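Going from the sequence shown to my numbering is simple: count from 1 and add 436.
Heads up: the structure comes next, in structure tokens.
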Amino acid sequence: MERFKRNILLFSREEFMSEQAIEKEVYYLNGILAVADTPRQFCQANELVNRNSITRRPRKILKEAGHFQLRPFRFIINKN
């Protein structure tokens with residue numbers, strides 16, 4: 437599995453965990469997050485709002501999300 441660079445804060449009920457157990461937990465969490473962090477999932481969970489319209493087209497959402505800063509009067513809104 438590809439290794440991702442992300443900061444993960446791991447809380448555990450077990451007082452003492454070995455370094456190997458922690459690495460294993462982080463590995464499994466990265467696997468779960470890799471499935472949830474796809475462009476397809478991002479587009480299903482968000483929509484692009486322009487001052488005149490709302491679009492759910494993945495191509496437009498990804499294009500707008502690729503900008504460092506959104507253009508004026510454009511908002512990416514989570515559907516939840």
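We put the beta carbon where it would ideally sit given N, CA and C, even for glycine.
None of the values given here were measured: they were computed from a predicted structure.
- DSSP places Arg-449 in the coil class of the three-state scheme, outside both helix and strand.
- CA-to-CA, the gap between Val-485 and Arg-449 works out to about 42 Å.
- Leu-469 carries a helical assignment under DSSP once its states are collapsed to helix, strand and coil.
- The Cβ atoms of Ala-481 and Asn-443 lie no closer than 8 Å to each other.
- Ile-512 is positioned such that its CB atom lies closer than 8 Å to that of Ile-497.
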